[in-house]
Amino acid sequence: MSTSQIPGKTGYSAERPQGLDASSLRIGILATQWNLDIVDALVKGAYECLQDWGVAPERIREFRAPGAYELPLAAERILAGGYDGVVVLGAVIRGDTPHFDFVAGECSRGLMDVQLKHGKPVGFGVLTVNTSQQAHDRAGPGKTNKGYEAAAAVLDMIRLIRSVS
10 MSTSQIPGKT GYSAERPQGL DASSLRIGIL ATQWNLDIVD ALVKGAYECL QDWGVAPERI
70 REFRAPGAYE LPLAAERILA GGYDGVVVLG AVIRGDTPHF DFVAGECSRG LMDVQLKHGK
130 PVGFGVLTVN TSQQAHDRAG PGKTNKGYEA AAAVLDMIRL IRSVS
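Numbering (the working numbering), first residue to last: 10 to 174.
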């Protein structure tokens with residue numbers, strides 16, 4: 010499978026790959042309740058991607074966790090509830106204390122554990138940034154929105170997993 014890179018972009022291509030009928034997939038969108046202006050823009054990007062790729066709107070459900078530290082448990086319950094994948098979104102912004110390091114690290118590790126436990130994709134759209142501006146830059150409109158990219162990664166991984174099963 011080959012996808013073309015977005016011009017000027019050096020990371021993952023959020024272009025839709027061939028070979029996935031996404032219309033019947035059940036996808037969860039899990040977001041935090043912190044930094045809502047940023048997180049809501051990420052959620053909007055995730056919905057846009059899922060719609061672009063053909064996921065039926067009634068097959069998408071949004072969930073909200075209190076914060077990033079709680080995301081792994083919530084993602085685990087969503088996948089245990091029969092969802093094909095979950096897009097996880099948040100914004101952890103560095104402050105003056107070590108809190109950032111603990112929350113960001115445990116969130117990331119916990120989400121990887123959930124993904125491996127269930128054998129289902131967890132799209133990591135939790136921004137870990139130094140400034141609010143960096144978060145806003147990553148939550149802008151279009152296919153470079155990290156919520157869009159995290160949703161694309163979930164769908165692309167479903168396609169990949171099905172191709173080797």
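Note that CB positions come from ideal geometry on N, CA and C, so glycine has one too.
Identity of the residue in the options nearest residue i by Cα
| i | options | result |
| --- | --- | --- |
| SER141 | ARG103, GLY132, ARG168 and ALA162 | ARG103 |
| GLY91 | GLY76, ASP110 and ILE69 | ILE69 |
| GLY156 | ILE47, SER174 and ILE170 | ILE47 |
| ILE170 | ALA100, SER32, HIS127 and ARG73 | HIS127 |
| ARG147 | ILE38, VAL52 and LEU34 | VAL52 |
| GLU79 | VAL173, GLN143, PHE111 and PRO107 | PHE111 |
| TRP43 | GLY99, ALA83 and LEU125 | GLY99 |
| GLU85 | THR106, PRO150 and LEU125 | LEU125 |
| SER32 | ILE167, VAL173, ASN154 and GLY149 | ILE167 |
Residue i burial status per 10 Å Cβ neighbour count (16 or more: buried)
| i | result |
| --- | --- |
| SER11 | Because the pLDDT at SER11 is just 39, under 50, the model does not fix this residue reliably, and the value given afterwards should be weighed accordingly. Its Cβ having fewer than 16 others within 10 Å, SER11 is exposed. |
| GLN14 | At GLN14, the pLDDT of 45 sits below 50, so the modelled position is not reliable and the matter cannot be decided from this model. |
| ILE36 | buried |
| GLY28 | exposed |
| THR137 | buried |
| LEU164 | buried |
| GLU158 | buried |
| GLU71 | exposed |
| THR41 | buried |
| ASN139 | exposed |
| LEU45 | exposed |
Whole-Å CB distance - residue i paired with residue j, under 8 Å assumed
| i | j | result |
| --- | --- | --- |
| GLY94 | PRO66 | The pair is not a contact, with the Cβ atoms about 16 Å apart (cut-off 8 Å). |
| PRO81 | VAL123 | 6 Å |
| LEU120 | PHE109 | Not really, about 17 Å apart at Cβ, beyond 8 Å. |
| ARG25 | ASP61 | 7 Å |
| VAL8 | LEU39 | Here the chain comprises residues numbered 10 to 174, so residue 8 is not present and cannot be evaluated. |
| LEU34 | VAL64 | 5 Å |
| ALA83 | VAL135 | In fact, because the Cβ distance is near 12 Å, the residues do not count as touching under 8 Å. |
Contact with chain B by residue i, beta-carbon distance below 7 Å
| i | result |
| --- | --- |
| ASP61 | The structure shown contains no chain B; it is built from a single protein chain. |
Terminal residues of the beta strand (DSSP E) in which residue i lies
| i | result |
| --- | --- |
| GLU67 | Counting along the chain, GLU67 falls outside any beta strand (DSSP E), and DSSP gives it neither H nor E. |
| GLY132 | 131–138 |
| ALA100 | 94–102 |
Start and end residues, alpha helix (DSSP H) containing residue i
| i | result |
| --- | --- |
| LEU34 | Premise fails: LEU34 is in no alpha helix (DSSP H) and is neither H nor E. |
| GLY151 | No alpha helix (DSSP H) contains GLY151, which DSSP labels as neither H nor E. |
| ALA161 | 155–173 |
| GLU115 | 108–127 |
| ALA77 | Neither: ALA77 is in no alpha helix (DSSP H) and is coded neither H nor E. |
Any non-hydrogen atom of the ligand PLP within 6 Å of residue i CB
| i | result |
| --- | --- |
| ILE102 | Absence of the ligand PLP from the depicted structure is noted, as is the absence of any ligand whatsoever, leaving it without description. |
Report yes or no: do the stretch 46–61 and the stretch 113–120 share at least 3 C-beta pairs separated by less than 8 Å? no
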